[in-house]
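Quick note on the working numbering: the sequence shown kicks off at 5 and runs consecutively. Ideal placement from N, C-alpha and C gives every residue a C-beta, glycine not left out.
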Amino acid sequence: MDRTPAGWVDHAARMARKTVRPESRWHRPLTLTPRHLFVARWWTPTEQDGTWAYELRDGASDPDAWMTTAYDNGLSVITRVGPHHADHAAPGTVVPETRPTSSATLPALVVKMYQHAFLADDSRILVTCGSGYGTALACQRLADELVTSVDVDPYLIQAARDRLDAAGHQPRLEVCDVTGELPSTYDRIVSTVSVPAIPASWLKALNPGGRLVTTLSGTGLIIVADKTADGGATGKVAPEPAGFMTTRHGDDYPPGPDNADLWATAQKADGESITTGRYPVMRVSSTWDVRSTLELTVPGIEHRLDVATDGTRTAYMLHPDGSWARATAAGARELPTVHQSGPRRLWDELDHIRTWLVIDGDLPVSGAAVRIDPDGTCHLNRSGWSATISAR
Numbered sequence: 005m006d007r008t009p010a011g012w013v014d015h016a017a018r019m020a021r022k023t024v025r026p027e028s029r030w031h032r033p034l035t036l037t038p039r040h041l042f043v044a045r046w047w048t049p050t051e052q053d054g055t056w057a058y059e060l061r062d063g064a065s066d067p068d069a070w071m072t073t074a075y076d077n078g079l080s081v082i083t084r085v086g087p088h089h090a091d092h093a094a095p096g097t098v099v100p101e102t103r104p105t106s107s108a109t110l111p112a113l114v115v116k117m118y119q120h121a122f123l124a125d126d127s128r129i130l131v132t133c134g135s136g137y138g139t140a141l142a143c144q145r146l147a148d149e150l151v152t153s154v155d156v157d158p159y160l161i162q163a164a165r166d167r168l169d170a171a172g173h174q175p176r177l178e179v180c181d182v183t184g185e186l187p188s189t190y191d192r193i194v195s196t197v198s199v200p201a202i203p204a205s206w207l208k209a210l211n212p213g214g215r216l217v218t219t220l221s222g223t224g225l226i227i228v229a230d231k232t233a234d235g236g237a238t239g240k241v242a243p244e245p246a247g248f249m250t251t252r253h254g255d256d257y258p259p260g261p262d263n264a265d266l267w268a269t270a271q272k273a274d275g276e277s278i279t280t281g282r283y284p285v286m287r288v289s290s291t292w293d294v295r296s297t298l299e300l301t302v303p304g305i306e307h308r309l310d311v312a313t314d315g316t317r318t319a320y321m322l323h324p325d326g327s328w329a330r331a332t333a334a335g336a337r338e339l340p341t342v343h344q345s346g347p348r349r350l351w352d353e354l355d356h357i358r359t360w361l362v363i364d365g366d367l368p369v370s371g372a373a374v375r376i377d378p379d380g381t382c383h384l385n386r387s388g389w390s391a392t393i394s395a396r
């Protein structure tokens with residue numbers, strides 16, 4: 005029995021009007037694609053006993069919330085956390101804090117990625133699957149036979165196949181690690197999962213003159229690059245920021261290192277250096293240019309920010325090499341006392357980047373030129389600044 009609430013087309017049409025102009029080639033796909041089919045159940049972040057968790061929501065039991073959630077053009081709807089897919093969870097399930105592993109990406113960003121791909125009507129395109137919503141948009145824009153969608157998770161592929169069929173689409177769907185060998189060759193590769201480095205397999209799978217659009221893990225950078233005659237690619241960093249879940253190679257992300265002892269040290273120790281920071285405490289994870297530049301400069305930093313009831317702000321930075329920093333300020337506009345230790349002075353690296361931003365008004369990651377070697381090594385360059393993301 006179809007439990008779809010009446011009026012979903014009106015919701016989709018309103019979302020389309022908010023997302024693109026009426027003359028856009030993406031207006032019709034947004035209007036005609038039933039996004040609610042791809043997010044019939046989902047996880048909502050919630051706070052429980054002072055810690056974050058994910059609470060199951062079911063569309064059929066709350067049609068208003070279902071339509072509001074599904075047709076919010078600025079909302080990525082989380083469908084899987086850790087190994088727990090919302091489709092399989094019992095009513096009332098709450099999952100303790102873990103990492104989301106699949107979602108229906110916010111429609112405005114999916115369309116932006118496709119716009120950067122600059123699709124022709126006959127473009128053969130490879131996309132990443134997830135919920136299948138982005139695949140459905142591509143099918144509405146192109147013929148189904150031109151669209152291939154891949155995911156490492158067999159269940160996600162099967163669920164997407166069923167929902168795409170219900171929406172009237174039959175693209176090619178494959179269980180595949182997108183960082184490995186790809187099923188065929190393509191004119192466009194659009195990845196709505198981020199990659200640590202550009203896979204060499206993408207360059208092999210791109211047809212001459214083909215284009216790839218993706219993001220780099222740990223950054224907010226959208227890379228847009230066209231294949232060159234030498235088997236590499238050249239392009240630029242797009243002006244808009246974006247953030248996606250990073251690629252995984254199994255049922256869940258591998259557990260990170262046990263940093264409990266180092267976090268405890270960072271919370272209490274004086275460290276080898278005690279200084280006053282140049283700028284107030286910031287939430288690095290909420291930026292894109294500062295965060296991206298820092299990730300390219302010192303990859304792998306973990307960030308935490310605690311705000312006490314009296315307004316005291318404490319930021320922590322931790323690096324796999326054992327470096328740590330703690331910056332504490334009495335308020336949002338106060339300069340912090342900074343404690344640091346280890347091989348690197350992490351807060352000094354952050355302050356250096358923020359000084360760069362104050363002096364120049366922007367950071368060179370914005371609009372940087374991109375050159376990708378055939379093995380996937382990615383070089384970014386702008387105004388004398390450069391960074392290299394090595395192939396893996």
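{"query": "From Cys382, Leu361, Ile161, Ser277, residue whose alpha carbon lies closest to that of aspartate 181", "result": "Ile161"}
{"query": "Endpoints, alpha helix (DSSP H) assigned at tryptophan 360", "result": "350 to 364"}
{"query": "Span of the alpha helix (DSSP H), counted from its first residue to its last, around proline 33", "result": "31 to 36"}
{"query": "Where glycine 214 falls: helix, strand or coil (DSSP)", "result": "strand"}
{"query": "Alanine 121 to alanine 164 span [Cα, whole Å]", "result": "23 Å"}
{"query": "Buried/exposed call for arginine 287, threshold 16 Cβ in 10 Å", "result": "exposed"}
{"query": "Beta-carbon separation (whole angstroms), leucine 60 vs alanine 90, contact threshold 8 Å", "result": "6 Å"}
{"query": "Burial state of histidine 173, where buried means 16 or more other Cβ atoms lie within 10 Å", "result": "buried"}
{"query": "Residues that tyrosine 190 bridges to, as DSSP identifies them", "result": "Leu210"}
{"query": "Whole-angstrom C-beta distance between threonine 318 and arginine 337, which should lie under 8 Å", "result": "Wrong, their Cβ atoms sit about 15 Å apart, outside the cutoff."}
{"query": "Strand pairing of methionine 249, partner residues [DSSP]", "result": "The partner list for methionine 249 (beta bridge, DSSP) is empty, contrary to what the question assumes."}
{"query": "Rounded C-alpha distance that separates threonine 332 from arginine 282", "result": "12 Å"}
{"query": "Beta-carbon proximity list for valine 342, same chain, < 6 Å, skipping 5 on both sides", "result": "Thr279, Gly281, Ala331, Trp351"}
{"query": "Those residues which DSSP pairs with lysine 231 across a bridge", "result": "Ala237"}
{"query": "Beta-carbon proximity of glycine 134 to valine 197, cut-off 9 Å", "result": "yes"}
{"query": "Where the beta strand (DSSP E) containing isoleucine 278 begins and where it ends", "result": "277 to 280"}
{"query": "Residue interval of the beta strand (DSSP E) (run including leucine 130)", "result": "129 to 132"}
{"query": "C-alpha gap between proline 245 and leucine 225, whole angstroms", "result": "6 Å"}
{"query": "At least three beta-carbon pairs within less than 8 Å, the region 80 to 98 to the region 206 to 222", "result": "no"}
{"query": "Validate contact between the region 358 to 372 and the region 188 to 195 using beta carbons, cut 8 Å, 3 pairs", "result": "no"}
{"query": "Neighbour-count burial assignment, proline 49, 16 or more Cβ in a 10 Å radius", "result": "exposed"}
{"query": "Proximity of proline 378 and aspartate 230 at Cβ, strictly below 9 Å", "result": "no"}
{"query": "Spatial distance of glycine 78 from aspartate 274 (CA atoms)", "result": "42 Å"}
{"query": "Proline 340 beta carbon near the ligand FAD (any heavy atom closer than 8 Å)", "result": "In the structure shown, the ligand FAD is absent, as is every other ligand, since no ligand is present at all."}
{"query": "Cβ-Cβ distance between serine 296 and leucine 207 below 9 Å", "result": "no"}
{"query": "Below-9 Å beta-carbon distance, alanine 121 vs any chain C residue", "result": "Reference to chain C is not applicable here, since this structure consists of a single protein chain."}
{"query": "CA-to-CA distance, threonine 72 to glycine 304, given in whole angstroms", "result": "36 Å"}
{"query": "C-alpha gap between glycine 346 and asparagine 263, whole angstroms", "result": "14 Å"}
{"query": "Assigned secondary structure, valine 13 (DSSP; H/G/I helix, E/B strand, else coil)", "result": "helix"}
{"query": "Residue(s) in a DSSP beta bridge with arginine 84", "result": "His89, Ser106"}
{"query": "C-alpha distance - methionine 249 paired with arginine 39, whole-angstrom precision", "result": "20 Å"}
{"query": "Cα-Cα separation between tryptophan 30 and alanine 112, rounded to whole angstroms", "result": "10 Å"}
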